[in-house]
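Below: one structure, written as structure tokens.
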Amino acid sequence: MANVVVVGSQWGDEGKGKIVDWLSERADVVVRFQGGHNAGHTLVVDGKTYKLSLLPSGVVRPGKLSIIGSGVVFDPHAFVAELERIRALGVEIGPDRLKIAENTPLILSLHRELDGFREDAASNSGTKIGTTRRGIGPAYEDKGGRRAIRIMDLAEPDTLPMKVDRLLTHHNALRRGLGHPEVAHETIMAELTSVAGEILPYIDRVWKVLDDKRRAGERILFEGAQGTLLDVDHGTYPFVTSSNTVAGQAAAGSGVGPGAIGYVLGITKAYTTRVGEGPFPSEQDNEVGQFLGERGHEFGTVTGRKRRCGWFDAVLVRQAVAVNGIDGIALTKLDVLDGLDEIKVCTGYRLDGEVIDYLPASQGAQARVEPIYEVLEGWQGTTKGARSWNDLPAQAVKYVRHIEELIGAPVALLSTSPERDDTILVTDPFQD
Ligand code: IMP
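When we follow this note's numbering, the leftmost residue of the sequence shown carries the number 43, and every step to the right adds one.
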């Protein structure tokens, strides 16, 4: 039996929420291992819509254990607000069902502010990243810089003031340099003590919990956020998030060995979208992009920003298959392409007069690549709500088969609407 890692194989927003929910019904434990409340997962269960950012998707299903691993950056205010919002929808969540790694670094208000200060300053020079302004990058910097406040520090009042001092020495120097007022020690102490009581009941030795679950043969689902091209190593740097979003991070970010991962499922949209700045070779800044955006409801779950849209880029997904070790993909939103006369697929790039079949690493080269397209015939029937291959127009099946060939990975699941039952199962990742 395989434990499963779900990752996005493009720039995020591939429709992970529905697939993770579908898989979480088959899992015993659901784990978040990177990112924070910059993620936005929409789940539709029994006609009810849940929008999750920080909480693992397992929380909406009774009887599942949800875990937040130390690879996540944890905003206590966002956590409390999201708990309240989900509880108001009738979901019961307590420390028996949700555990947070005690060594998880916190996102504080000063991280959120710094994210905003930098983005505002960069807007003037045309170098902004287009972050979600949630403080994700600054919090990861402090983790790497060994000055983060971690959740369990809240339970150690003797040493907490010294840790806050160390953090503020760094942040106040930065704030002065950027022309913003310093933050007082008392302000951060008050912020931390105001949330401690709500959070500490949830902390645990998550590595141990997972080890016990694994030994007991329970099924673990690792829920990735964002997408491979937003990975800090493998993405379109510097237009990326500050965590590793690839499958390998599931092990480090939750505290299991790589051998615990059995199957990697790459969630893949039938076309391409991205939010924020950065290169996007197959972008259609025209009526095609507008059509895809409107038909696909391409607005960010977290920030409400309009997503940029374009044709399917097989070069990028083929690369994602390699860097994640993707065993199979879940193809989503095929129905958005219904009714198009022709559909383009990017199969390579032209770079400075040469044809290449990969995304180059340099920022300059990424901005210069020009897509090479194959033009496929579209289909006139609908794929929406199909529950078997026989329900799909022949041309749609051809499109899917061609994508499989181009990216070098099979379709394990085909999602044909936001409803969880509108899914065609080819391979059950947990049974592989
Ligand atoms: P940050 O993660 O807020 O630092 O933002 C860095 C980049 O990642 C920006 O381009 C964001 O739009 C993008 N990003 C962060 N989270 C998500 C997500 O969940 N879906 C899509 N894009 C995201």
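We treat Cβ as the ideally placed atom computed from N, Cα and C, and that holds for glycine.
DSSP state of residue i mapped onto helix, strand, coil
{"i": "proline 98", "result": "coil"}
{"i": "aspartate 246", "result": "strand"}
{"i": "isoleucine 191", "result": "coil"}
{"i": "valine 468", "result": "coil"}
{"i": "proline 413", "result": "strand"}
{"i": "valine 87", "result": "strand"}
{"i": "leucine 382", "result": "coil"}
{"i": "phenylalanine 333", "result": "helix"}
{"i": "alanine 44", "result": "coil"}
{"i": "serine 51", "result": "coil"}
{"i": "isoleucine 135", "result": "coil"}
{"i": "valine 439", "result": "helix"}
{"i": "glutamate 396", "result": "strand"}
{"i": "arginine 103", "result": "coil"}
{"i": "arginine 74", "result": "strand"}
{"i": "threonine 174", "result": "coil"}
{"i": "proline 147", "result": "strand"}
{"i": "glutamate 161", "result": "helix"}
{"i": "glutamate 233", "result": "helix"}
Residue i Cβ short of 8 Å to the ligand IMP heavy atom set
{"i": "isoleucine 149", "result": "no"}
{"i": "tryptophan 421", "result": "no"}
{"i": "leucine 140", "result": "no"}
{"i": "tryptophan 53", "result": "yes"}
{"i": "valine 317", "result": "yes"}
{"i": "serine 165", "result": "no"}
{"i": "aspartate 369", "result": "no"}
{"i": "aspartate 273", "result": "no"}
{"i": "glycine 82", "result": "yes"}
{"i": "aspartate 464", "result": "no"}
{"i": "glutamine 268", "result": "yes"}
{"i": "valine 282", "result": "yes"}
{"i": "isoleucine 110", "result": "no"}
{"i": "threonine 174", "result": "yes"}
{"i": "aspartate 63", "result": "no"}
{"i": "isoleucine 309", "result": "no"}
N- and C-terminal bounds of the alpha helix (DSSP H) containing residue i
{"i": "aspartate 357", "result": "Per the sequence shown, residue 357 should be read as valine rather than aspartate. Counting along the chain, the alpha helix (DSSP H) containing valine 357 begins and ends at 356-366."}
{"i": "arginine 429", "result": "Per DSSP, arginine 429 belongs to no alpha helix (DSSP H) and is neither H nor E."}
{"i": "lysine 170", "result": "Premise fails: lysine 170 is in no alpha helix (DSSP H) and is neither H nor E."}
{"i": "arginine 129", "result": "118-129"}
{"i": "alanine 181", "result": "178-186"}
{"i": "alanine 226", "result": "From DSSP, alanine 226 is part of no alpha helix (DSSP H); its letter is neither H nor E."}
{"i": "lysine 141", "result": "That residue, lysine 141, is in no alpha helix (DSSP H); its beta strand (DSSP E) goes 140-143."}
{"i": "isoleucine 61", "result": "58-66"}
{"i": "lysine 348", "result": "Element bounds for lysine 348: n/a, residue is neither H nor E."}
Unbroken beta strand (DSSP E) run spanning residue i, endpoints
{"i": "glutamate 340", "result": "Premise fails: glutamate 340 is in no beta strand (DSSP E) and is neither H nor E."}
Open item on the list: For the structure I just gave you, are there three or more beta carbon pairs, one from the region 300-308 and one from the region 121-131, closer than 8 Å?
Closed with: Verdict: no, contact absent.
Task: Every unbroken alpha helix (DSSP H) within the region 237-298, with a cutoff of 4 residues, ordered by chain - done: Entirely contained in the region 237-298, the alpha helix (DSSP H) runs reaching 4 residues are, in chain order, 248-257, 291-294.
- [ ] For the region 207-216 and the region 234-251, state whether three or more C-beta atom pairs, one from each stretch, are separated by less than 8 Å.
- [x] As far as the Cβ criterion goes, the region 207-216 does not touch the region 234-251, which means the pair count is below three.
Task: Validate contact between the region 268-280 and the region 59-70 using beta carbons, cut 8 Å, 3 pairs - done: The answer is no - the region 59-70 does not touch the region 268-280, with fewer than three Cβ pairs under 8 Å.
TODO: Decide if the region 174-181 is in contact with the region 220-232; the criterion is three or more beta carbon pairs, one per stretch, under 8 Å apart.
DONE: Contact between the region 174-181 and the region 220-232 is absent, because fewer than three Cβ pairs lie under 8 Å.
Open item on the list: Can you confirm whether the region 407-427 touches the region 436-454 when touching is taken to mean that 3 or more C-beta pairs between the two stretches lie within less than 8 Å?
Closed with: Here the region 436-454 makes contact with the region 407-427; the two share three or more CB pairs at distances below 8 Å.
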